[in-house]
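Novice: Let me begin by handing over the structure; questions about it come next.
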Ligand code: PAF
């Protein structure tokens, strides 16, 4: 596996793959890999391209009070894990390679960035959009793989690709969970054993909601209230939001017709976890 640190090296690598007749499949990450990341890489590999993974803890998607400095990092472990699933190249730029002095441009996907996580993290999705757009221009991938755990991020990137006529195909990949149902996240390492136990209420609430739909419930306010009650029953939780929204527009909806998104963001101590499930009538 090649390690690339400059934009010029990535462009050179991409050109070489194309000359060899290969498609380029791209997995953008902030590192500290877990099975969820590895599944994105496996999918990218299984789809038959040369696979490049970026590992860049993007400063512009963290607010000053958030956990940028504290964000977990372990480059050696990440390198070994990426290599073990057959990744062809790892792009690990320094911050100044992506944001040279005097960088000024902003990207805003207006409506999709406002609800859910956009309320408590108003600058987050602007930072995500700008770095992902830059990475797409640097790597020029045929396909890019995004996990559905960050559902709002995935929708926003799909919208940006459509709005700006980017040529990349976005491939959404299902959430990877621990055997007990906790969605995999680099932030899970911060949880104490008690907090980790309390965090299981997230997946319990999501499963309960889908079972309500299967029993014929269509009133989404009822489902939202029930899911909220399951999570609030855990003493160690502090809710950011529990919301049911349209699965494509992320706008509020009252009644389930075909698909809706139940999205959660909950603090366990200082650690904020997100999870979601698409509630579907089928
Ligand atoms: O999902 C992430 O890890 C990040 O938001 C991403 C897409 C790599 C952009 O920094």
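In the working numbering, the protein residues as written are 9 to 290.
All residues carry an ideal CB built from backbone N, CA and C; glycine is no exception.
Values in this document were obtained by computation on a predicted structure and should not be read as measured data.
Under the rule that 16 or more other beta-carbon atoms within 10 Å means buried, what is residue 14, buried or exposed?
Specialist: Within the chain shown, the letter at position 6 stands for residue 14. When all chains shown are included, residue 14 counts as exposed.
Novice: Here's the rule I'm using: 16 or more other beta-carbon atoms within 10 Å means buried, otherwise exposed. How should residue 83 be labelled?
Specialist: Position 75 of the chain shown, counted from the first residue, corresponds to residue 83. Burial call: exposed.
Novice: Assess contact between the segment 252 to 263 and the segment 215 to 234, defined as three or more Cβ pairs (one per stretch) separated by less than 8 Å. Is contact present?
Specialist: Touching, yes, given that three or more Cβ pairs across the two stretches are closer than 8 Å.
Novice: Please look up how many angstroms separate the CB atoms of residue 298 and residue 206, rounded, as I've assumed it's under 8 Å.
Specialist: Limits of the chain in this structure are 9 at one end and 290 at the other, which puts residue 298 out of reach.
Novice: Quick one, which of 132, 179, 213 and 154 has its alpha-carbon nearest residue 74's?
Specialist: Working through the chain shown from its first residue, we reach residue 74 at position 66. When each option's Cα is compared against that of residue 74, the closest is 132.
Novice: What is the chain-ordered set of residues for which the beta carbon lies under 6 Å from any non-hydrogen atom of the ligand PAF?
Specialist: Counting every residue whose Cβ lies closer than 6 Å to a heavy atom of the ligand PAF, we get 36, 37, 38, 66, 69, 136, 139, 140, 158 and 161.
Novice: Which residues in the same chain have their Cβ closer than 8 Å to the Cβ of residue 79, if we skip the five residues on either side of it in sequence?
Specialist: Position 71 of the chain shown, counted from the start, is the residue given in the question as residue 79. The answer, listed in chain order, is 38, 40, 65, 70 and 194.
Novice: With a cut-off of 8 Å, do at least 3 Cβ pairs link the segment 20 to 32 to the segment 147 to 159?
Specialist: Contact between the segment 20 to 32 and the segment 147 to 159 is present, because at least three Cβ pairs lie under 8 Å.
Novice: Evaluate residue 276 with the Cβ neighbour count: other Cβ atoms within 10 Å of its Cβ, from every protein chain shown; 16 or more gives buried, anything less gives exposed.
Specialist: Taking the chain shown and counting its residues from 1, one reaches residue 276 at position 268. Counting Cβ neighbours within 10 Å, residue 276 comes out buried, since at least 16 surround it.
Novice: Starting from the N-terminal side, write out each stretch of the beta strand (DSSP E) that is 3 residues or longer and does not extend beyond the segment 225 to 277.
Specialist: Whole beta strand (DSSP E) segments, 3+ residues: 245 to 254 and 267 to 276.
Novice: Kindly indicate the opening and closing residues of the beta strand (DSSP E) around residue 153.
Specialist: Walking along the chain shown from the start, residue 153 turns up at place 145. Looking at the DSSP string, the run of the beta strand (DSSP E) that includes residue 153 is 151 to 155.
Novice: So, are the CB atoms of residue 12 and residue 88 less than 8 Å apart?
Specialist: Position 4 of the chain shown, counted from the first residue, corresponds to residue 12. Position 80 of the chain shown, counted from the first residue, corresponds to residue 88. No; because the gap between Cβ atoms is not below 8 Å, this pair is not in contact.
Novice: My output table needs one value for residue 60: the three-state DSSP class, helix, strand or coil.
Specialist: Here residue 60 refers to the residue found at position 52 of the chain shown. It is a strand residue.
Novice: Look at residue 282 and residue 125 and say whether their C-beta atoms are less than 8 Å apart.
Specialist: Here the question's residue 282 lines up with position 274 in the chain shown. Here the question's residue 125 lines up with position 117 in the chain shown. Cβ atoms of residue 282 and residue 125: closer than 8 Å.
Novice: Beta strand (DSSP E) containing residue 42: first to last residue?
Specialist: By one-based count along the chain shown, residue 42 stands at place 34. First-last for residue 42: undefined, no H or E at that position.
Novice: If you count every other CB in all the chains shown that lies within 10 Å of the CB of residue 241, and 16 or more means buried, which is it?
Specialist: Your numbering for residue 241 matches position 233 in the chain shown. That one is exposed.
Novice: Does the distance from the CB of residue 115 to the CB of residue 137 come in under 8 Å?
Specialist: As a first step, residue 115 must be located in the chain shown, where it is residue number 107. As a first step, residue 137 must be located in the chain shown, where it is residue number 129. It is a contact, given that the beta carbons lie within the stated cut-off.
Novice: Excluding the 5 residues flanking residue 232 on each side, which residues of the same chain have their C-beta closer than 7 Å to its C-beta?
Specialist: Position 224 of the chain shown, counted from the first residue, corresponds to residue 232. Once the five neighbours on either side are set aside, the close Cβ partners of residue 232 are 250, 251 and 252.
Novice: In whole angstroms, what separates the C-alpha of residue 210 from that of residue 186?
Specialist: Within the chain shown, the letter at position 202 stands for residue 210. Within the chain shown, the letter at position 178 stands for residue 186. Using only the alpha carbons, I get a separation of about 13 Å.
Novice: Over what stretch of residues does the beta strand (DSSP E) that includes residue 287 continue unbroken?
Specialist: If you number the chain shown from 1, residue 287 lands on position 279. Where residue 287 is concerned, the enclosing beta strand (DSSP E) stretches over 279 to 288.
Novice: On the DSSP letters alone, give me the boundaries of the beta strand (DSSP E) that residue 10 sits inside.
Specialist: Residue mapping note: residue 10 aligns to position 2 of the chain shown, counting from 1. From DSSP, the beta strand (DSSP E) with residue 10 extends over 10 to 12.
Novice: Which residues bound the alpha helix (DSSP H) around residue 24?
Specialist: Counting from one through the chain shown, the residue named residue 24 turns up at place 16. 15 to 27 is the span of the alpha helix (DSSP H), which, as asked, contains residue 24.
Novice: Should residue 238 and residue 272 be called a contact, given that it needs their Cβ atoms to be closer than 8 Å?
Specialist: Here residue 238 is taken as the residue at index 230 of the chain shown, counted from 1. Here residue 272 is taken as the residue at index 264 of the chain shown, counted from 1. No; because the gap between Cβ atoms is not below 8 Å, this pair is not in contact.
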